[in-house]
Structure formats: C-alpha cells, structure tokens
Amino acid sequence: MTPLFAVACGGPAGQDNGSDGGQDNGSDTAGAETAGEPECDVGLVASDDGACHCGTPDGEICSEEAYCDAPTGTCVEPTCGAAGPWTPGTSAFTEVTQAWGLDGVEGTRLSVTDLDGDGWPDLFVRRGGTRSDDFGADTRHTWLLRNTGGQGFEDVTQDSGVLAPRQALGAGIGRPAEIVASADVDNDGDLDIFTGITTTDPVASLGETSELMLNQGDGSFVLANVDSDLRHASSEDIVAGASFVDANRDGFVDIWVTEHGIQDELYYGTGDGGFVKATSGSGLATSGAATLAELNSGAVHSRAWSALACDLNGDGWTELLAGSYGRSANHLWQGRLDPDTGFVAFDARGVESGYARDENYEWQSNQFARCYCQSNPMAEGCAGVPAPAINCDTPNWNHSSDREPYRLGGNSGATACADLDNDGDMDLYTGEIRHWWAGLGSDMSEALLNTGAQDVSFERPGRDAMGITVEHVTGNSWDEGHMSLTTLDFDNDGWRDIYVGGSDYAGNRGLLFHQRDVLQFEPVSTADSFEHNRSHGVVTADFDRDGDLDLIVGHSRSRCDANAPNDCYATAAIRMFENTYGDGGSWIQLKLEGVTANRAAIGARVRVTAGGVTQTQEIGGGYGHYGAQDDLVLHFGLGDACAAEIEIRWPDGDLSTQQLALPGGHRFHVVQGERARLLLL
0 MTPLFAVACG GPAGQDNGSD GGQDNGSDTA GAETAGEPEC DVGLVASDDG ACHCGTPDGE
60 ICSEEAYCDA PTGTCVEPTC GAAGPWTPGT SAFTEVTQAW GLDGVEGTRL SVTDLDGDGW
120 PDLFVRRGGT RSDDFGADTR HTWLLRNTGG QGFEDVTQDS GVLAPRQALG AGIGRPAEIV
180 ASADVDNDGD LDIFTGITTT DPVASLGETS ELMLNQGDGS FVLANVDSDL RHASSEDIVA
240 GASFVDANRD GFVDIWVTEH GIQDELYYGT GDGGFVKATS GSGLATSGAA TLAELNSGAV
300 HSRAWSALAC DLNGDGWTEL LAGSYGRSAN HLWQGRLDPD TGFVAFDARG VESGYARDEN
360 YEWQSNQFAR CYCQSNPMAE GCAGVPAPAI NCDTPNWNHS SDREPYRLGG NSGATACADL
420 DNDGDMDLYT GEIRHWWAGL GSDMSEALLN TGAQDVSFER PGRDAMGITV EHVTGNSWDE
480 GHMSLTTLDF DNDGWRDIYV GGSDYAGNRG LLFHQRDVLQ FEPVSTADSF EHNRSHGVVT
540 ADFDRDGDLD LIVGHSRSRC DANAPNDCYA TAAIRMFENT YGDGGSWIQL KLEGVTANRA
600 AIGARVRVTA GGVTQTQEIG GGYGHYGAQD DLVLHFGLGD ACAAEIEIRW PDGDLSTQQL
660 ALPGGHRFHV VQGERARLLL L
C-alpha cells in the first residue's frame, strides 16, 4: 500500500509545453501552448511560478525531505538523531521534583491524563485505599495536578470538581477515588475520568460509589448518570484495576473493571457517559465457590490486583486480563466475534496461554513445606525433602492443597503490554511479589514473549536469559516487591526499556533496565539514573515536551525498617525525574483522534518503521496495580533515522488503516482519515 500522505513537499515543477498532456482551460486561447500547472502533493498549492508551495500559492517551497503542514504553511524539516543508544557511565535522568512544584504530593497510585486538552500531560496521584479528602486539612490523599505548559504542576483537585460527592458530605470534603482511568467516553473531544473505590467499608466510602466524571471541556468535571451500571450502587464493589477499551468496536469506549475476589466486570459504553454491564453475556462469568478442577483451571473469581486490555493476537478483538494476588491464577480472556450471534465473546485462556502462572510447580523448596515434611516424613512427596532454614513454630502449609497448581502461581501486580522484541506482536511484562521462603514455585517478575499464535500463548525465557538481574542486598533472606512497572524507550533508540518498581520490603528499590540488543537488557545503575527506595507507582510521559520520556515515581512506607537497607523515606512523597539523555536521539510523537473509531483512539495500533526497525504500540486505556495509565500520546524513538513510515490501524468496525510518512523530531495530531497536523512543542 502506498502512503496516504508522503513526506516530500516537492520543489519547482516542470512546465507543460502544450503537447499531448495539455488541457483545455476554457479560455479564448484554448489549445495554445501555455504554461501548465505543476502536479503537487497533498497539502501543496500550485503557483504561477511553476512550483508547489506549502498551504497557499505564496507559501514556502519545501525541500524534498520536508513535510508541509498546510494549515500553518510551515515546511517541517526532519530532525535526525545525534546521540546513540545509552551506554553505561552516561547520566540519563536528573531529579526535578521541587522545580515542578511536587513537594508535598504523596502517593503510590499514579496516572497521566490531559484534563484540559492543551496537550501537556497532567497527573493524577492517590495515596492508596478508599479515603475521602478534607481540603482544609493538613493531610491529603488525592491530587489532580495540571501541567502548566512544561513549567510545573498546579493543584486543581478541588476546583476541577473531580472529587465532587454524590452524597452531602459537607463543604470542602472530596469523594474517595483510588483507581483512575481516562478516556473520551462521550466522544466530545475531552478526557473523562473513571474513579473506582471499595465499598465494603461504608465508613471509609462515606456512602459513595465508583463514579464516572464527565469532563466539561475546560478541565472541570461533573458526575455522570446516576443510573449507570458502572456505579455498582446495589452491590459491593472491590475495584482493583480498570482499563478503557472498545471491546465491540462500535466507536464508544467500554471499560474492563477487575475486582478482588468477586466477579470482574465488562461494561459497554452507550456513548453518552452511560455504561451497561455486559459480563455474563460475553462469556466472562466466573465462580465464587469452586471445585479443585475449577481452581486449577482458573474458572473462579480472580483475586485481582490489576487490569489490562490489549490485542495480543492481532485480530482486532481485544484480550482482557486480570493479574491476581495470593498465588491464584491470572485471567486472560481472548476476544473474538461469535459467528452465531454476531456479538463479541470471550474465551478463558489464562492457563492455556501461560499467563495464569508459570509452569514451575516445584514445592519442596518452600520453607513451610520443609517444616511440614520434617514433622511428617512419611507424607506423600516428603522423602528426601531438605531440612528447613526457618523456625517452624508457626505452621503455614496445607499439604493437600498447597501442592496444587492453583497454589503455585504468583502475587501479580502490574502487567504491561508492549512489543519488547519489535516482532510486531504485543508481549507482556509482569510484576510479582516473591519471597525467598516461598521457593522456586512462586512466580517471578518477568517477560512473557508472544509466540504469535492465533490462540494467544507465551514463552517465558526467564530473567537470566534476558540479562534482567535483580540483586538481593539482604542476602539469602530476600523479598521482591515488584508491584508496579512501565516500559519506555528512554534513550530514543527504538527499543523498549523497562522500569520495575520494587517496594514494601527491605532492600527494594526502583530498577531500570536498558535494552542493549534484541531482548538483551542491562541494568542502569543508580549513578546513571536515580536511586529511589521502596518504589511503588510509576508513570512515563514527555512532561516537558522536549522529545524524550520522563518518569514520575511513587513511594510506599509499608514495612519500614530503619535497620534494613533501602529503607523508607520520611514521607510517601512522589519524585519526578527529567530525561536528560534522550534529547539527542530522533523521535516522533503521535496524538490520534478517531472519527469512526472512538475519539481518543483507545486500542489503535500504530506501526512505525525507521532505520530498518519496526515498532508496534497500542494506545492503552489504563493498566496496572490499582490503576495506572501512561500518556495517550504515543512516543517512538527513531535512533539516528530522520523520518518514519507509519501505519495506523484504527479500532473501528472495519479496522480501517491509514499510512503516513512523516519527518522525525516532531509531534503530530492525526485525525482518522485526514492529513497529519503539526503540534508545536
């Protein structure tokens, strides 16, 4: 397929000499030899001088490498990358927390949004838990922070109305909001915000429910329809994650909400801010009480700690995922169009795909199992089990159930969806809590590489094979608290890097890994990046819009121990780190806007080819442990390439495609089916 819009603007054109190619212009001199008009590319205008001008007949004449932004009459020249991939010993980030006005902001739940539509990434921060806010008190739990044009953040939480209560809570009291996700649910051009909570404790929830907040176009919000199923008003709600998705591709975003220990729910959007429950009719129903077979197959309710929606087999029907706590099975629901009904249906493939848990069912290295076998040496499987390395005064092993697969999974926090190896399909990276005493059967944080099969399946090469090394500074008695993570290309070399938040346990800190070769990573030292103990919560965006991705990280003060390494800080303050390395590499940023697709283009798949490398990204509607979301503006590092060939697959009923060729070093706004527009930085 040829590009819909090409990079080259075209310079002076040749003259028509009146031969066979001449045209009758309808004047008295028809048929005479006259100067012909040049043939100009889209966006260019023919002029009497025989040249193609940008935007207007007297506009600029662009070079062959430039792109004409016709509305502004600007010739957009490509910017080629100067810096190579990051190498050890090179500084990559610097802290700018205070300069951006973030002192005093505390939390572990972080999400990016654009509340006022100005193109500058804004920030939603929550401390965690279902807690209301008294705006007149010293202690806060929730912050909605507006980016003031790359100069810093200002607190607009109260003024925005995003925490406006449905109940009469009194002046200056904000409604609880823990899980947050953003999308344009009513296709009016601004981002609305879902706020999810737990309602099992009416004292903490103050009688409030999960709510959708509708953006009024200026960054202020009002409560959506009281009758929306999304509110869970007549039953308990234990929201653990949320991801906007257009599951049925009708042009209205839906939302996948995962719950801890009760039914996860899919709600179809009606396009006006309303949502209708679609779970049971879509094949997503699970069971509370279960047989052993159901437990092992993952047919029971998830113990969700996260949510994710991502098209893993590339067929245009999104998969829905729920990461689970407590060694229980992670859920993966494969989307498809049911030919009999004509509606979207989902098939359970958590176990079959390899996402539910890894295949290591070894239990003999569990220290509590060793305690049991020491006391019961004749029990099944106990022959030859080594002696425990712990005190066995507190039993913590059920020999009949704890050897079953459903008890040998992980404690799954965030799962991120990204094409780690640039092979065209989306892989996963999971964050897990893991303890030394639980043994080899407890799942580790690692990459799940997509096999490319139509029935979704993954391979787990393991961290060691990929160079992802996790140092245990506490020696043999260690814990990995990897609950939050993100992927990003921090050095603009065209390959995704990984940041893993290590939290809640002694010795844990944030870990940054650079992809130096295909699926070969190297740790970025704290000297080259930053040291952040007990890192819990992370988002990435180009907050200053300088062409590289910055990081904001949260902090947990759980299980603090002043005598242990990597201890907690004095407060749960978030920290911001500006990317100082990626400035030299080439890049391109794309803000997409759907027409027949949902307006925020949630679920759009974009392939960018530059310098012989093709990257694939999807616009996500939220993911992660108790609600995380990165910027909806897609960022692609281009290495030393000057331009990019781009293919967009829009998430509409026809999976419409669009191709463009654009210069590097710029941010573009692409409306579905239209020519790309330059967004000035």
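Residue numbers (numbering that gives the first Met the number 0): 0 to 680.
Cβ atoms here follow ideal geometry from the backbone N, Cα and C, with glycine treated the same way.
Assignment of residue 71 by DSSP, reduced to helix, strand and coil, places it in the coil class. DSSP, read as helix, strand or coil, puts residue 295 in helix.
If the five residues before and after residue 115 are omitted, its C-beta is found closer than 6 Å to the C-beta atoms of 218, all from its own chain and listed in chain order. Per DSSP, residue 446 is not a residue of any alpha helix (DSSP H); the beta strand (DSSP E) it occupies stretches across 445-449.
Of all alpha-carbon atoms in 120, 107, 164 and 169, the one lying nearest the alpha-carbon of residue 135 is that of 169. The three-state secondary structure of residue 556, taken from DSSP, is coil.
When the five nearest sequence neighbours on each side are left out, the beta carbons in the same chain lying within less than 7 Å of the beta carbon of residue 672 are those of 594 and 657, in order along the chain.
For residue 668, the beta-bridge partners assigned by DSSP are 590 and 676. One thing to note: residue 80 has its Cβ within 7 Å of the Cβ of residue 638. The alpha-carbon separation between residue 163 and residue 604 amounts to approximately 35 Å. For the 7 Å CB-CB criterion, residue 508 and residue 501 form a contact. Per DSSP, the continuous alpha helix (DSSP H) segment holding residue 366 begins and ends at 366-374. Residue 629 counts as buried, since no fewer than 16 other beta carbons sit within 10 angstroms of its beta carbon.
Ranked by Cα distance from residue 613, the first of 422, 576, 133 and 499 is 422.
Looking at the DSSP output, residue 153 bridges to 145. Of the candidates 362, 391 and 389, 362 places its Cα closest to the Cα of residue 379. For residue 355, there is no enclosing alpha helix (DSSP H), as DSSP gives it neither H nor E. Bridge pairing for residue 255: 242 and 265 [DSSP]. Residue 541 counts as buried, since no fewer than 16 other beta carbons sit within 10 angstroms of its beta carbon.
Counting only runs of 3 or more residues that sit fully inside the segment 472-552, the beta strand (DSSP E) segments are 478-487, 496-501, 510-516, 519-523 and 534-540, in chain order.
DSSP, reduced to helix, strand and coil, places residue 229 within a helical segment of the structure shown. For residue 558, same chain residues with a beta-carbon under 7 Å away, outside a window of 5 residues either side, are 503 and 504 in chain order. In this structure, 252 is the residue among 296, 205, 252 and 202 with its C-alpha nearest to the C-alpha of residue 211. The secondary-structure analysis by DSSP pairs residue 199 with nothing; it has no beta-bridge partner.
Judged by DSSP in its simplified three-state form, residue 435 adopts helix. The DSSP-derived three-state label of residue 302 is strand. Per DSSP, the continuous beta strand (DSSP E) segment holding residue 212 begins and ends at 210-214. Following the DSSP letters along the chain, one finds residue 465 inside the alpha helix (DSSP H) bounded by residues 462-465. For the options 108, 147, 55 and 85, the alpha carbon positioned closest to that of residue 572 is the one of 108. A contact between stretches requires three or more CB pairs, one per stretch, nearer than 8 Å, and the segment 172-191 meets this requirement with the segment 243-258.
In the structure shown, residue 124 adopts extended strand secondary structure according to DSSP, grouped into three states. With respect to the C-alpha of residue 539, the residue from 631, 190, 366 and 448 having the closest C-alpha is 631.
By the Cβ rule, the segment 341-350 does not count as touching the segment 381-400, because fewer than three pairs are nearer than 8 Å.
In chain order, 236, 237, 238, 239, 264, 300, 301 and 303 place their CB closer than 8 Å to the CB of residue 258, counting only its own chain and leaving out the 5 sequence neighbours on each side. Per DSSP, the unbroken beta strand (DSSP E) holding residue 412 starts and ends at 410-417. Judged by pairs of C-beta atoms under 8 Å, the segment 418-435 touches the segment 476-491, as three or more such pairs exist.
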